[in-house]
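Peer 1:
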Amino acid sequence: MTAGKEKHRVAVVLSGGGGKGAYQVGALKALRSAGVDPDIYCGTSVGSFNCGMLASGKTLEQVEQVWREMNTESVFKLRYDPRRFLTLDPRPALRFAFQSARLVGGFLTEALKGKGSWWETIDIDSFLTDTSPLGDLIAKHVDLAALRRSNKEFSLALTQLKPVEGNPLRIVSKQEITHRHILASCSLPFIFPQVTIGGKVYCDGGVVMNSPLKPAVDAGADEIYVIDLTPPPSTYREATLSLAYQIMSAQCSSMLRRDIEMAEDLNGRYLVAQLEGSLVDGKVQVRRVDSGPGGGGKPLAKHYRYLRIFVIHPSTDLEGIGGFLRFEPSSAGKWIEAGERETKEALKRHYEQEIAAPDGSTIKAVFRR
């Protein structure tokens, strides 16, 4: 970037990944050791939880402690776990009966309304999984008042299911975010139930944007660290859940790769313009035609700045679908350490090179070995 034109802004983009979110804590510790101090946090799913804690003022050590104390029951419970009934207390059995009656009643009501075949009315995730512990965890560790006061930017990605309004992607800024928005961003389809907010139904943002790179760019970041937790699994398994996870990972990796390739293409144009001395206020000017409503085909000048992008992946898929649903101190500790170690190694694979313009000004471009 040409000196003095715009303030340098750093963003971290944290993807979804369930229990693997502990890896992001270690990666952020390594980034801090390298002098990275984020101005902008963008997250999806568990990444939105980590971003919310950090943007609202928690230190990395405090976030690490949250993960080291977390267990599966502090995130979700199976409604019909037989271990809950191994007690003389009648209340668990009564709650079980009440929940069963309510859920079955809802299923029968929808079936009798004739809304499709009977199997289309079964809401399996709501029937099996209770995520109220996750809601409590979010409320305990994300201080919304502190978030509003913070000088850190924060946005998260959601997938809107109802009503259908074109693009299902919803980006929510920190002034609008509530605890339920974070819970909704973590609501992985088929496992965790969807969340209703203001009459609209949402689920995990990772369905449409697992690594929200574009919101970071839109917020003005020119140095972006993407910590993506869903590399494609190294082994193929035909079991239904494992296969579903493999398909989801392939989809998420494809979306991120597309966004990165687009950014790298624009960076390439920027470097050419820098060498030719044709930047406009430190940005490359790309002309296009406005084809939007009322645009009338008028030519527009779109300005792009150079983006320093670092992408960090785990070296393995962190136990696949099992790791996704594992929230245990032993796993968290192992993945925090891996995140810190592997991020230090990833940063070494990037190098900088100064690109000079005819007027003598330079920028530091980032390349990967």
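So that you can map any letter, position 257 of the sequence shown is 1188 in my numbering, and since no number is skipped, the others follow by simple counting.
Glycine residues also receive a C-beta, built at the ideal position from the N, C-alpha and C atoms.
Note that the structure is a prediction, hence the values are computed from the model and not measured.
What does DSSP give as the partner residues of Tyr1133 in its beta bridges?
Peer 2: By one-based count along the sequence shown, residue 1133 stands at place 202. Beta-bridge pairing links Tyr1133 to Gln1091, Val1126.
Peer 1: Specify whether the region 1266-1281 and the region 972-982 touch according to this definition: at least 3 beta carbon pairs, one from each stretch, less than 8 Å apart.
Peer 2: Short answer: they don't touch.
Peer 1: Pick from Arg940, Gly948, Val1157, Cys1183: whose alpha carbon is nearest that of Trp1266?
Peer 2: Here residue 1266 refers to the residue found at position 335 of the sequence shown. Looking at the Cα atoms, Gly948 is the closest of the given residues.
Peer 1: Put Gly1270 into one of helix, strand or coil per three-state DSSP.
Peer 2: Taking the first residue of the sequence shown as position 1, residue 1270 is located at position 339. Helix, per DSSP.
Peer 1: Would you decide whether Asn1141 is buried or exposed? Buried here means 16 or more other CB atoms lie within 10 Å of its CB.
Peer 2: Working through the sequence shown from its first residue, we reach residue 1141 at position 210. Under this definition Asn1141 is a buried residue.
Peer 1: Let me know if Trp1049 comes out buried or exposed under the rule of 16 or more other beta-carbons within 10 Å of its beta-carbon.
Peer 2: Working through the sequence shown from its first residue, we reach residue 1049 at position 118. Because Trp1049 sits at a pLDDT of 48, beneath the cut-off of 50, its placement in the model cannot be relied upon, and the following sentence gives the value as read from the coordinates. Trp1049 should be labelled exposed.
Peer 1: For Ile1069 and Phe1123, what's the separation of their Cα atoms in angstroms?
Peer 2: Here the question's residue 1069 lines up with position 138 in the sequence shown. Here the question's residue 1123 lines up with position 192 in the sequence shown. Computed Cα separation, rounded: 15 Å.
Peer 1: Do you know offhand how far Leu1075's Cα is from His1110's?
Peer 2: Within the sequence shown, the letter at position 144 stands for residue 1075. Within the sequence shown, the letter at position 179 stands for residue 1110. For Leu1075 and His1110, the distance between alpha carbons rounds to 8 Å.
Peer 1: For the 8 Å Cβ check, are there 3 or more pairs between the region 1126-1142 and the region 1173-1193?
Peer 2: Yes: the two stretches touch, three or more of their Cβ pairs being nearer than 8 Å.
Peer 1: Could you name the residues that DSSP lists as bridge partners for Tyr972?
Peer 2: Along the sequence shown, one-based indexing puts residue 972 at 41. BP columns for Tyr972 point to Val943, Phe1085.
Peer 1: Can you name, in chain order, every residue of its own chain whose Cβ lies under 6 Å from the Cβ of Thr1062, other than the five neighbours on each side?
Peer 2: Locating residue 1062 in the sequence shown gives position 131, counting from the first residue. Excluding positions up to five away in sequence, the list reads Phe1007, Phe1123.
Peer 1: Following the continuous beta strand (DSSP E) through Phe1007, name the residue where it begins and the one where it ends.
Peer 2: Sequence index remark: in the sequence shown, residue 1007 carries index 76 (1-based). Per DSSP, Phe1007 belongs to no beta strand (DSSP E) and is neither H nor E.
Peer 1: Just the C-alpha distance for His939 and Leu1065, rounded to the nearest angstrom, thanks.
Peer 2: Numbered from 1 along the sequence shown, position 8 holds the residue referred to as residue 939. Numbered from 1 along the sequence shown, position 134 holds the residue referred to as residue 1065. Spanning the two alpha carbons is a distance of roughly 35 Å.
Peer 1: Cβ-heavy atom distance between Asp1290 and the ligand MG below 7 Å?
Peer 2: In the structure on display, the ligand MG does not appear, and there are no ligands present to speak of.
Peer 1: For Ile1252, which of helix, strand or coil comes out of DSSP?
Peer 2: Residue numbering aside, residue 1252 sits at position 321 when the sequence shown is read from its first letter. In this structure, Ile1252 counts as helix in the three-state DSSP scheme.
Peer 1: Taking just the CA atoms, how far does Val1211 sit from Thr1293?
Peer 2: As a first step, residue 1293 must be located in the sequence shown, where it is residue number 362. As a first step, residue 1211 must be located in the sequence shown, where it is residue number 280. The alpha-carbon atoms of Thr1293 and Val1211 are separated by roughly 14 Å.
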